[in-house]
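This report concerns only the one structure given below.
Protein chains in written order, with the working numbering: chain A, 38 to 243; chain B, 13 to 245.
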């Protein structure tokens, strides 16, 4: 089972109540903005604590309210591509990419060279995040998450605020990741056409 | 024609720099620790700690010096313990002058550092955690470097406050030539003696030069550390 998730969480105006199981490698989370898609991802990454629920991904339980089990975010082996990218501004692109690379003994599916060529970011390595365009920033953020040897990937609107050519490029990259990497992915989007291209398993939040 | 510095003047400058450096070095880790706790932790008694840290800023310096005398004097609870346990005495010593300057500088240093720690984007710390960074590693690689401009600003403010320290110092460790008579105390002493206008003027000029040099150096350091994004002046 890739995903076995049951989460109940209220946070201000937004409340999330979702339960799903899936064996698909890429599961999409769709819904209008404000329905709690990011809240759901934050719960899975361990940045928010669900009021109640259970999170098991790829056979590893990350959270279980009944057992009072709550793995801290740095132990969840999660590759989280934030919607706002969150590259470290004081580090170069290469330092950002290498930040999580020592996790799990540094033995991941990808080497730095693999990720750099997959994402076509070789010319950016010495630059600081402030000098990158939106699409470049997004690609580096994906690379940083991939290189942290994650057991699963969370992608939060990776195409948001990109023009169609750049969005197409990221989408192709996600398709390649889906086909070439053996790790489960949760893909958050509000665009149904985009989701339809990636997977037939979509969970709708409302 | 300006005469070169006399031995006595060199001694005053050297002592002032020694006391000030020791004060800032002593206060730096404590101030950063306090700033970190006040900026990032919520706990009962936080307001009280905040108020306590700020006390030397709002109290008359003479009162601070007097409190230090009560606590760190030979018969004081802390001073007596230091004397018995380690044979350390701070009264009438340059180390006592450094302690007084450190206590007076602490609130300013905490304020500057706290602001820069609060300005560190918590979302970056979260990102570091999702990449496997422990609390300690996230601190060392994200919070510490991103708050560096605030640390430098704190050091500069602390240096400026320490080198000008007068009231707490003279109350706590008196005005002993070569031991606790720093630049401000030396100026004050000269002012008490008639016909020393030139000596006073020379010390005042020295104070201006040292302060300006420190300001220019710090401006350069802060610009370098922050890549030109922040500055002191």
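By construction, the Cβ of each residue, glycine as well, lies at the ideal position given by its N, Cα and C atoms.
All values reported here derive from a predicted model rather than from experimental measurement.
Spatially closest choice to residue i from the options, by CA coordinates
i, options, result
"residue 86 of chain B", "B:149, B:222, B:104 and B:122", "B:104"
"residue 227 of chain B", "B:98, B:19 and B:172", "B:172"
"residue 63 of chain B", "B:151, B:50, B:88 and B:26", "B:50"
"residue 70 of chain B", "B:136, B:106, B:118 and B:137", "B:118"
"residue 20 of chain B", "B:236, B:230 and B:214", "B:214"
"residue 46 of chain A", "A:157, A:56 and A:40", "A:56"
"residue 25 of chain A", "A:53, A:51, A:95 and A:88", "No information on residue 25 of chain A is available, as it lies outside the stretch 38 to 243 that chain A covers here."
"residue 107 of chain A", "A:90, A:120, A:121 and A:166", "A:90"
"residue 87 of chain A", "A:189, A:101 and A:147", "A:101"
"residue 14 of chain B", "B:235, B:210 and B:225", "B:210"
"residue 139 of chain A", "B:47, B:182, B:149 and B:156", "B:149"
"residue 92 of chain A", "A:43, A:197 and A:216", "A:43"
"residue 18 of chain B", "B:230, B:229, B:218 and B:231", "B:218"
"residue 6 of chain B", "B:202, B:235, B:206 and B:188", "For chain B, the structure presents residues 13 to 245; residue 6 of chain B sits outside this window and is missing."
"residue 145 of chain A", "A:115, A:166, A:159 and A:178", "A:115"
"residue 168 of chain A", "A:127, A:80 and A:157", "A:127"
"residue 97 of chain A", "A:200, A:220 and A:152", "A:220"
"residue 120 of chain A", "B:186, B:48, B:136 and B:41", "B:136"
"residue 73 of chain A", "A:52, A:85, A:60 and A:58", "A:52"
"residue 48 of chain A", "A:58, A:228, A:75 and A:199", "A:75"
"residue 190 of chain A", "A:71, A:198 and A:179", "A:179"
"residue 170 of chain A", "A:152, A:150, A:182 and A:204", "A:204"
"residue 85 of chain A", "B:102, B:58 and B:141", "B:141"
"residue 231 of chain B", "B:37, B:166 and B:56", "B:166"
Cutoff 7 Å: residue i Cβ touching any chain B Cβ
i, result
"residue 87 of chain A", "no"
"residue 82 of chain A", "yes"
"residue 234 of chain A", "no"
"residue 185 of chain A", "yes"
"residue 227 of chain A", "no"
"residue 111 of chain A", "yes"
"residue 136 of chain A", "yes"
"residue 213 of chain A", "no"
"residue 123 of chain A", "yes"
"residue 140 of chain A", "yes"
Short Cβ contact (7 Å threshold) for residue i with residue j
i, j, result
"residue 164 of chain A", "residue 195 of chain A", "no"
"residue 161 of chain A", "residue 211 of chain A", "no"
"residue 198 of chain B", "residue 24 of chain B", "yes"
"residue 194 of chain B", "residue 33 of chain B", "no"
"residue 159 of chain B", "residue 115 of chain B", "no"
"residue 83 of chain A", "residue 123 of chain A", "no"
"residue 223 of chain A", "residue 64 of chain A", "yes"
"residue 39 of chain B", "residue 121 of chain B", "yes"
"residue 233 of chain B", "residue 164 of chain B", "yes"
"residue 60 of chain A", "residue 38 of chain A", "yes"
"residue 98 of chain B", "residue 90 of chain B", "no"
"residue 181 of chain A", "residue 133 of chain A", "yes"
"residue 212 of chain B", "residue 203 of chain B", "yes"
"residue 65 of chain B", "residue 46 of chain B", "yes"
"residue 179 of chain B", "residue 31 of chain B", "no"
"residue 207 of chain A", "residue 177 of chain A", "no"
"residue 172 of chain A", "residue 155 of chain A", "no"
heavy atom of the ligand ATP below 6 Å from residue i C-beta
i, result
"residue 101 of chain B", "Annotation note on the ligand ATP: not contained in the displayed structure, which lists no ligands."
Below-7 Å beta-carbon distance, residue i vs any chain A residue
i, result
"residue 138 of chain B", "yes"
"residue 146 of chain B", "yes"
"residue 161 of chain B", "no"
"residue 53 of chain B", "no"
"residue 66 of chain B", "no"
"residue 164 of chain B", "no"
"residue 1 of chain B", "Nothing in the structure corresponds to residue 1 of chain B, since chain B is present only between 13 and 245."
"residue 135 of chain B", "yes"
Contact belief for residue i with residue j at Cβ below 8 Å, rounded distance in angstroms
i, j, result
"residue 226 of chain A", "residue 67 of chain A", "6 Å"
"residue 137 of chain A", "residue 127 of chain B", "The Cβ separation is near 29 Å, so there is no contact."
"residue 222 of chain B", "residue 175 of chain B", "7 Å"
"residue 129 of chain B", "residue 162 of chain B", "7 Å"
"residue 80 of chain B", "residue 184 of chain B", "4 Å"
"residue 78 of chain A", "residue 193 of chain A", "6 Å"
"residue 214 of chain A", "residue 184 of chain A", "With a Cβ gap of about 12 Å, residue 214 of chain A and residue 184 of chain A do not count as contacting."
"residue 109 of chain B", "residue 181 of chain B", "5 Å"
"residue 112 of chain B", "residue 77 of chain B", "6 Å"
Closer than 7 Å at the beta carbon, the chain C residues around residue i
i, result
"residue 115 of chain A", "Checking the listed chains, one finds no chain C in this structure; the protein chains it contains are A and B."
Open item on the list: For a minimum of 4 consecutive residues, which ranges assigned as the alpha helix (DSSP H) are wholly contained in the stretch 93-176 of chain B?
Closed with: Counting whole runs of 4 or more residues, the stretch 93-176 of chain B contains the alpha helix (DSSP H) stretches 106-130, 134-142, 147-150 and 160-175.
Task: 3 or more residues per run - each beta strand (DSSP E) lying fully within the stretch 187-229 of chain A - done: 189-193 and 222-226
Task: Secondary structure, alpha helix (DSSP H): runs of 4+ residues fully inside the stretch 86-161 of chain A - done: 130-135 and 149-156
Task: 4 or more residues per run - each alpha helix (DSSP H) lying fully within the stretch 25-85 of chain B - done: Restricted to the stretch 25-85 of chain B, the alpha helix (DSSP H) segments that are unbroken, complete and at least 4 residues in length are 58-70 and 73-84, listed in chain order.
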